[in-house]
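Asker: Residue numbers (the numbering used here), protein chains in the order written: chain A, 1 to 139; chain B, 140 to 629.
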Amino acid sequence: MQIKFELVTYDEELDRFELDENTYQIELDDEEAKTYDLLKSSDLHLYNWLKESDFFLKYIKEEVYQDSENKKFAISDINGISFIRFYFFKVTSGDSHYEYFKKLFNIHDESDWQDREDIGEEILQCLLTKRKELILNLS
Amino acid sequence: MDKKYIEKMLSKMDEDLSKQGMSRRDAMKLAGLSSAGLFMGATSASAAEEEKIVKSNAKGKIVIVGGGLAGMSTAARLTLNLDNPDITVIEPEKMSVSYQPGQTLIGAGIWDEDDIAYNRDDFVPDGVKVIKERAILFNPQENKLTTDKGQVVSYDYLIIATGLQLDFERIKGLEEAGRAYSSGDNTKLLKALGDAGICSVYTAEGATKTWEQMQKYIAQAKSGKKTKFVFTHPSTPVKCGGAPKKIMYLANARLKEAGARENAELTFYPNGGAMFGVPEYHDAILEQFKREDFKWHYRHNLVEVDKENKIAVFDSKWQEKGPWDPVMKDYEVIPKHEKIRVPYDFLHITPAQLAPREIGESDLGSAKGWVPVNKETLQHIRYENVFSIGDVAQVPMGKTGGSIRKQYKVLVDNLIALMNGKTLEAKYAGYTVCPLITDIGTVMLAEFDWTVKPTPSFPLDPTVERWVFWLMKVYALKPMTMYGMLSGKA
């Protein structure tokens, strides 16, 4: 089977992500396809599996960012499962993104009483660490 | 446990029950409690538990910063569980163990300050040392701290249980109130609140003053003058999230009792957008508000009090749909603010609440000030020999005595496991309880945990207000806390 995925590049100096406008496809063997099926319902497990997979990194080095040593990037979509909110969340982002991150980062501590902006800032704070976990580095 | 005290409370409760034509046993049946339940004082259950304890011979100097309910209950339980405990509590306030959940009852004239005043020194477990100073500097890298009198205290294990501070000074017009603790000298705060309708039950003396002010404005309403009662809830986590509403319900009860309700307007101004974080309790409270003809305005945060003109100024917030964000594939949400001036006669303030400065500004505090701990094990996320419990711990929904009752057993088990080089296996699951007083004589027992679902201890609909839970609140919870928890058993 094939999976489609999209990427964002990371500019370390500016601490900023930029969209890579392309969509890529990669072929999975039977074992990889089984793993994909097992993990597809858990977005971050799926992400981590792909991030740690040799076949994925090999494909990126050979087909996507050739001759780009030390290039930093992250996955923004895997077969329609979007990770874009991790890189572009802002305090004015819509409620669905707030709900996702409140759950992910356990920010339900009295959040009903807190200002949206305060919770947004807390999410951004948590994302500083989370983004580091998501970024891949072509070494 | 103080049997005389229990007997006195039970006898008072029996008297009250007999007026309703009911025995204590009938009341227990009504609540779905067994005969060994709370109403019996749980003495036999505690004795059985005590027999089961196998003391650990783990060694190490344990320092507990804070001698309120969380700190002293933890000290007591550690002494029950360790063969040769070496425990020091650092607590400057003489009345630190006073029973804070009773402050709303004082605010409505049901109890007085003597009913909740307890001296720390009467609850110090045998062998526990108390340093009557305030810890102000923390050096967790070297396992040392320094007190306000310059004493350097070293430790092997540290437990932070300082409680929190009431931040009145952030309200314009009340800057001189400064920050306060629930216990201790609050003269500065009381002076700042004045004598013209502003009050807060968040300190014991403040609760007494609340009752004085409440009576004054009930009398005004009774005289025929339209009287505005305003109640606030801030933008920070607060201890006992139900308290801002409890005092409103009790003011309503007193107004009805005085035959003055029709001249009074009661309005709740919460910073949040709901009555309660648990949808089932939110719905129940909303129905109660409608039934009692309360008014409410969500997303209002008290930012200023114009004492001279009796105007409360709120930061009113709302959101508007913003532009389409093509990257996030969603509309943005634009926050809007506006200052709203609200005239009041009686203003009950629930202040913003923060971790004490010395914690927030130390390496032990998080960006928000609270002590960052693993929410299940209560161990500090950076310093493995540091734990935190109670109001100061960064634990979701954990700022109630009911939470502490679950937390302190977990903390003790995990601390002893750590001292023995074992894995920390005890876990706090987020249980908390809010006995929401809805009238004089009725309580809705809101129990819940991190699932944000009701988790009732009794086989009864938890959204129903019940007289039997009022009895539990007024008669049973205090002895359970003061003589059960503070002896490390309940």
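Where is the CB? At the ideal position from N, CA and C, for every residue including glycine. Predicted, not measured: the structure shown is a model, and the values here were computed from it.
Gln427(B) lies in the alpha helix (DSSP H); which residues open and close that run?
Answerer: As a working mapping, residue 427(B) is identified with position 288 in the second sequence. Per DSSP, Gln427(B) belongs to the alpha helix (DSSP H) from Pro418 to Arg430.
Asker: Pick helix, strand or coil for Thr129(A), following the three-state DSSP scheme.
Answerer: As a position in the first sequence, residue 129(A) is number 129, starting the count at 1. Of the three classes helix, strand and coil, the one that applies to Thr129(A) here is helix, per DSSP.
Asker: Using beta-carbon positions only, say whether Val369(B) and Val481(B) come within less than 8 Å of one another.
Answerer: Along the second sequence, one-based indexing puts residue 369(B) at 230. Along the second sequence, one-based indexing puts residue 481(B) at 342. Yes. Within cutoff.
Asker: Pull up the DSSP beta-bridge partners for Pro474(B), would you.
Answerer: Against the second sequence, residue 474(B) aligns to sequence position 335. In DSSP, Pro474(B) forms a bridge with Gln458(B).
Asker: Which whole-angstrom value is the C-beta distance of Gln533(B) and Val510(B), which I expect to be below 8 Å?
Answerer: Indexing the second sequence from 1 puts residue 533(B) at position 394. Indexing the second sequence from 1 puts residue 510(B) at position 371. So it is a contact: roughly 6 Å between Cβ atoms.
Asker: Are the stretch 43–60 of chain A and the stretch 115–129 of chain A touching, with three or more C-beta to C-beta distances below 8 Å?
Answerer: No, the stretch 43–60 of chain A does not touch the stretch 115–129 of chain A.
Asker: Only counting the same chain, and skipping five residues up and downstream in sequence, which positions put a Cβ closer than 7 Å to that of Trp49(A)?
Answerer: As a working note, residue 49(A) is residue 49 in the first sequence. Contacts found: Thr35 and Leu39.
Asker: Please determine if the stretch 291–311 of chain B and the stretch 200–208 of chain B are in contact, where contact requires at least 3 C-beta pairs separated by less than 8 Å.
Answerer: The stretch 291–311 of chain B vs the stretch 200–208 of chain B: in contact.
Asker: What residue range does the beta strand (DSSP E) around Leu138(A) cover?
Answerer: For the purposes of this step, residue 138(A) is identified with residue 138 of the first sequence, where counting begins at 1. Leu138(A) -> no beta strand (DSSP E), and no H or E assigned at all.
Asker: When you compare the CB of Asn106(A) with every CB in chain B, is at least one pair closer than 8 Å?
Answerer: Residue mapping note: residue 106(A) aligns to position 106 of the first sequence, counting from 1. Interface residue, yes.
Asker: DSSP three-state label for Met624(B), please.
Answerer: What you label residue 624(B) is simply residue 485 of the second sequence in a count that begins at 1. Met624(B) falls in the helix class under three-state DSSP.
Asker: Flag Ser173(B) as yes if its beta-carbon sits less than 8 Å from any beta-carbon of chain A, otherwise no.
Answerer: The count along the second sequence starts at 1 and reaches residue 173(B) at position 34. Since pLDDT at Ser173(B) reaches only 41, below the 50 mark, its modelled position is unreliable, and the value read off the structure follows with that caveat. Cβ-Cβ to chain A under 8 Å: no for Ser173(B).
Asker: Under 8 Å between C-beta atoms, does Asp30(A) make it to chain B?
Answerer: Walking along the first sequence from the start, residue 30(A) turns up at place 30. Closer than 8 Å: no.
Asker: Any C-beta of chain A within less than 8 Å: which residues of the stretch 445–466 of chain B qualify?
Answerer: Residues passing the 8 Å Cβ filter: Lys456, Gln458, Gly461, Asp464 and Val466.
Asker: Using 8 Å as the cut-off, can you tell me whether the stretch 245–257 of chain B makes contact with the stretch 275–291 of chain B, which would need three or more C-beta pairs spanning the two stretches below that distance?
Answerer: The stretch 245–257 of chain B vs the stretch 275–291 of chain B: no contact.
Asker: Spell out whether any CB of chain A is found under 8 Å from the CB atom of Gly411(B).
Answerer: Reading the second sequence from its first residue, position 272 is the one you call residue 411(B). Yes, contact with chain A.
Asker: Under three-state DSSP, which class holds Lys72(A)?
Answerer: Position 72 of the first sequence, counting from 1, holds the residue named residue 72(A). Of the three classes helix, strand and coil, the one that applies to Lys72(A) here is strand, per DSSP.
Asker: With DSSP run on the structure shown, which of helix, strand or coil describes His45(A)?
Answerer: Counted from its first residue, the first sequence places residue 45(A) at position 45. Note: His45(A) maps to helix in three-state DSSP.
Asker: Quick one: list the residues of chain A neighbouring Ser374(B), beta-carbon separation under 8 Å, in chain order.
Answerer: Taking the first residue of the second sequence as 1, we reach residue 374(B) at position 235. Within 8 Å Cβ-Cβ: Trp113, Gln114, Asp115 and Asp118.
Asker: Alpha carbon to alpha carbon, how far is Arg496(B) from Asp445(B)?
Answerer: Start at 1 with the first residue of the second sequence, and residue 496(B) comes out as number 357. Start at 1 with the first residue of the second sequence, and residue 445(B) comes out as number 306. If I take the Cα positions, the gap works out to 27 Å.
Asker: Taking the alpha carbon of Glu27(A) as the point to measure from, which residue in Glu13(A), Met1(A) and Asp77(A) has its own alpha carbon closest?
Answerer: For the purposes of this step, residue 27(A) is identified with residue 27 of the first sequence, where counting begins at 1. Closest by alpha carbon: Met1(A).
Asker: With distance defined between alpha-carbon atoms, name the residue in Ser96(A), Leu44(A) and Gln66(A) nearest to Ser76(A).
Answerer: Start at 1 with the first residue of the first sequence, and residue 76(A) comes out as number 76. Nearest of Ser96(A), Leu44(A) and Gln66(A) to Ser76(A), Cα basis: Leu44(A).
Asker: 8 Å is my cut-off, CB to CB: does Asp469(B) come that close to chain A?
Answerer: Position 330 of the second sequence, counting from 1, holds the residue named residue 469(B). Output row for Asp469(B): interface = yes.
Asker: Taking His436(B) as part of the alpha helix (DSSP H), name the residues at either end of that continuous run.
Answerer: In the second sequence, counting from the first residue as 1, residue 436(B) sits at position 297. Taken as a continuous stretch (DSSP letters only), His436(B) belongs to no alpha helix (DSSP H), as it is neither H nor E.
Asker: By a C-beta neighbour count over all protein chains shown, 10 Å radius and 16 as the cutoff for buried, is His97(A) buried or exposed?
Answerer: Position 97 of the first sequence, counted from the start, is the residue given in the question as residue 97(A). His97(A) should be labelled buried.
Asker: If the cut is a Cβ gap below 8 Å, which residues of chain A does Val472(B) touch?
Answerer: The sequence position of residue 472(B) within the second sequence is 333, counting from 1. Chain A residues near Val472(B): Thr92, Ser93, Gly94, Asp95 and Arg116.
Asker: Output the residue ranges of the beta strand (DSSP E) runs that lie fully inside the stretch 234–278 of chain B and measure 3 residues or longer, sorted by chain position.
Answerer: Listed in chain order, the complete beta strand (DSSP E) runs (minimum 3 residues) inside the stretch 234–278 of chain B are 268–270 and 274–278.
Asker: Could you give the distance in angstroms between the alpha-carbon of Ile192(B) and the alpha-carbon of Ala215(B)?
Answerer: By one-based count along the second sequence, residue 192(B) stands at place 53. By one-based count along the second sequence, residue 215(B) stands at place 76. Cα to Cα, Ile192(B) sits roughly 13 Å from Ala215(B).
Asker: So that I know if they touch, is there some Cβ in chain B lying closer than 8 Å to that of Leu14(A)?
Answerer: For the purposes of this step, residue 14(A) is identified with residue 14 of the first sequence, where counting begins at 1. So, not an interface residue.
Asker: Please tell me whether Ile60(A) has its Cβ less than 8 Å away from any Cβ of chain B.
Answerer: By one-based count along the first sequence, residue 60(A) stands at place 60. With 8 Å as the cut-off, Ile60(A) does not count as an interface residue toward chain B.
Asker: Spell out whether any CB of chain A is found under 8 Å from the CB atom of Val442(B).
Answerer: Stepping through the second sequence from its first residue, residue 442(B) is reached at position 303. No, Val442(B) does not count as interfacial toward chain A.
Asker: Could you give the first and the last residue of the continuous beta strand (DSSP E) run that contains Pro574(B)?
Answerer: Along the second sequence, read from residue 1 onward, the residue named residue 574(B) stands at position 435. Run containing Pro574(B): Thr571 to Asp578, per the beta strand (DSSP E) assignment.
Asker: Is the stretch 327–344 of chain B close to the stretch 503–523 of chain B, with three or more CB pairs under 8 Å?
Answerer: Taking 8 Å as the limit for Cβ pairs, the verdict is that the stretch 503–523 of chain B does not touch the stretch 327–344 of chain B.
Asker: For Leu14(A), is the classification buried or exposed, using 16 other Cβ atoms within 10 angstroms of its Cβ as the cut-off for buried?
Answerer: In the first sequence, residue 14(A) corresponds to position 14, counting from 1. So Leu14(A) counts as exposed.
Asker: What's the gap between the Cα of Gly560(B) and the Cα of Leu517(B)?
Answerer: The residue given as residue 560(B) occupies position 421 in the second sequence. The residue given as residue 517(B) occupies position 378 in the second sequence. Their backbone Cα atoms lie some 17 Å apart in a straight line.
Asker: Which whole-angstrom value describes the C-beta separation of Lys514(B) and Pro535(B), a residue pair presumed to lie in contact below a C-beta threshold of 8 Å?
Answerer: Taking the second sequence and counting its residues from 1, one reaches residue 514(B) at position 375. Taking the second sequence and counting its residues from 1, one reaches residue 535(B) at position 396. Contact holds; Cβ gap of about 6 Å.
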